[in-house]
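Chemist: Please read through the structure below; I'll follow up with questions.
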Amino acid sequence: MPLRGQLAGGEAPPGARVIARFEEDGAPAGWVEADGTVHWAFDAAAARRALLAERGRRLATPAAARLPFHYHRVPAPLRFAIARGLGAAAGARGRAATCAPPLAPVDLLDRAAARAAGEAEPSRAPIAVALTHDLDTRAGLRHVPALAAMAERRGARATFFVCAKVLGAAGAPALLRDLAARRHEIACHGDDHDVRAPLVPARLRADLARARAAFVAAGLAPPRGYRAPAFTRTPWSSRIVATAGFTWESSIPAAEAPSVRPFRRGRLVSMPVTLPADHDVLFAGLGAAAALSAWRAALDRVGQLGGIAVLLIHPEPHLGGGHRPLRRAYGKLLDELEARDDVAGLGTLGAALGLSSIRS
Ligand SMILES: [Zn+2]
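If you're matching positions, the sequence shown starts at -1 in the working numbering and goes up one per residue.
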């Protein structure tokens, strides 16, 4: 059934053969004409703004933010078992939702509006693939070189979102300076993975200031990119992140992504993760084969909508970096991406954003 959009206002033009009308909260929302064409009467621009603002805050506060102590004090194997237990409790539907291709309602809306305006279907653009790794704890340092090497073997570089506290480990500043010298991108994942920091303005400001100071003290360039710990964000957190000196963030998980393309949130450019992350797969109790099919399905979706494929693999021992079957699956995915002719290239998220046109 063709979808036409009447982008503002609500009434069918005189002479239209209307066979049904529908309303939302008493206001006209659309009508159906005799030939079966559905006309939507909503204000698409307002709906778009509302969707972007809605996804600006996390849809649910992470369980770890409700604990009275920092959850990294729980030993990693136990933390992982609890996360898997919560994943199992979410049931099959909950698990499927976190590993499904991104819904991207803003992109669907843009597409519907383009069709309504009689524009041609946008042709599929080659997909830029961004490789990202979140270094949450010192234990993850061990797997950083292997992940960097996996990118380099394919002539690519990756973005490492680093918790500044990790820089206190012996050898960490040198390792990260070396990565930067090899043209990997070093971005910021907050100071200490404090999942409550983004919920309180003063706490977020202090967290970011400490993190930026630690980067400079370690001989690293002041970071331009930021990813919130556990994707925790509020309607105002992006403003604070921008004021702290960052120019872009990647703090929305694939399951909540309003768009698979970058968009502006105030002064900050926001680019969601668009492929299921390693922890989505593992906490859902899925194996490497399921991870590969979830990645391929999400990649097709990103391609259809003309977005950036943003991958997230943690170097942490209990996540993708240290999980051998999943790491092998990640390697296989990289091989496939290299071979696909609809992939423009693999690289850092900063580079992918530089190549992409940013919408407001
Ligand atoms: Zn993290």
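Positions of the beta carbon are idealized from the N, C-alpha and C atoms, including for glycine. Quantities reported herein were computed from a predicted structural model and do not represent experimental measurements.
Three-state secondary structure (DSSP) at cysteine 97?
Modeler: Of the three classes helix, strand and coil, the one that applies to cysteine 97 here is helix, per DSSP.
Chemist: Just to confirm, does histidine 191 get its C-beta within under 7 Å of one of the non-hydrogen atoms of ligand 1?
Modeler: Correct: histidine 191 has its Cβ closer than 7 Å to ligand 1.
Chemist: Could you check whether the region 156 to 171 touches the region 182 to 191, counting it as contact only if at least three pairs of C-beta atoms, one from each stretch, sit closer than 8 Å?
Modeler: Flag = yes, the region 156 to 171 and the region 182 to 191 touch.
Chemist: CB-CB under 6 Å to arginine 136, same chain, minus the five flanking residues each way: which ones, in chain order?
Modeler: Correct list, in chain order: Val164, Ala167.
Chemist: Decide if the region 218 to 227 is in contact with the region 279 to 291; the criterion is three or more beta carbon pairs, one per stretch, under 8 Å apart.
Modeler: Contact between the region 218 to 227 and the region 279 to 291 is absent, because fewer than three Cβ pairs lie under 8 Å.
Chemist: From alanine 154 to glycine 345, what distance separates their C-alpha atoms?
Modeler: Near 5 Å, if we compare the C-alpha coordinates of glycine 345 and alanine 154.
Chemist: From phenylalanine 229 to alanine 253, what does the alpha carbon distance come to, in whole angstroms?
Modeler: About 11 Å.
Chemist: For aspartate 339 and alanine 146, I'd like the C-alpha separation in whole angstroms.
Modeler: Each residue's Cα considered, the two are about 24 Å apart.
Chemist: Where do the N-terminal and C-terminal ends of the alpha helix (DSSP H) with glycine 169 fall, by residue?
Modeler: It is not in any alpha helix (DSSP H) - glycine 169 carries neither H nor E in the DSSP assignment.
Chemist: Alpha carbon to alpha carbon, how far is proline 124 from alanine 219? Give it in angstroms, no decimals.
Modeler: So the alpha carbons of these two residues sit roughly 31 Å apart.
Chemist: Over what stretch of residues does the alpha helix (DSSP H) that includes alanine 296 continue unbroken?
Modeler: Taken as a continuous stretch (DSSP letters only), the alpha helix (DSSP H) holding alanine 296 covers 286 to 303.
Chemist: Measuring CB atoms only, is the region 231 to 243 touching the region 193 to 201, in the sense that at least three cross pairs come out at less than 8 Å?
Modeler: Contact holds: three or more Cβ-Cβ distances are below 8 Å.
Chemist: Is DSSP giving aspartate 132 helix, strand or coil here?
Modeler: Aspartate 132: strand per DSSP, three-state reduction.
Chemist: Does the beta-carbon of alanine 228, which I'm using as the reference point, lie nearer than 7 Å to any heavy atom of ligand 1?
Modeler: Yes, ligand 1 has a heavy atom inside 7 Å of this Cβ.
Chemist: Spatial neighbours of arginine 180 within its chain, please: CB distance less than 8 Å, with the 5 preceding and 5 following residues excluded, ordered by chain position.
Modeler: The residues are Ala146, Glu150, Arg155.
Chemist: Could you say which of His131, Ala240, Pro11, Ala14 lies nearest to glycine 318 if we only look at CA atoms?
Modeler: Taking only the C-alpha atoms, the option nearest glycine 318 is His131.
Chemist: Quick check on this structure: which residue in Gly301, Pro315, His70, Asp276 has the alpha carbon closest to the alpha carbon of aspartate 105?
Modeler: For aspartate 105, the nearest C-alpha among the options comes from Gly301.
Chemist: Skipping 5 residues on each side, what residues in its chain have a beta carbon closer than 7 Å to that of glycine 243?
Modeler: Only Arg210, Pro220 meet the Cβ criterion.
Chemist: Is it right to say aspartate 176 is buried, meaning 16 or more other beta carbons lie within 10 angstroms of its own, or is it exposed?
Modeler: Exposed: under 16 other Cβ atoms inside 10 Å.
Chemist: Across which residues does DSSP place threonine 157 in a beta bridge pair?
Modeler: DSSP lists Thr130, Glu183 as partners of threonine 157.
Chemist: Measuring only the C-alpha atoms, how far is valine 214 from leucine 206?
Modeler: Whole-angstrom Cα-Cα distance: 12 Å.
Chemist: Are there 16 or more other CB atoms within 10 angstroms of the CB of serine 291, so buried, or fewer, so exposed?
Modeler: The residue in question, serine 291, is exposed, as its Cβ has fewer than 16 Cβ neighbours within 10 Å.
Chemist: Going by DSSP, what residue range makes up the beta strand (DSSP E) through arginine 263?
Modeler: From DSSP, the beta strand (DSSP E) with arginine 263 extends over 261 to 263.
Chemist: Kindly indicate which three-state DSSP category valine 271 falls into: helix, strand or coil?
Modeler: Three-state DSSP puts valine 271 in coil, outside helix and strand.
Chemist: Does histidine 37 come out as helix, strand or coil in the three-state DSSP assignment?
Modeler: Three-state DSSP puts histidine 37 in a strand.
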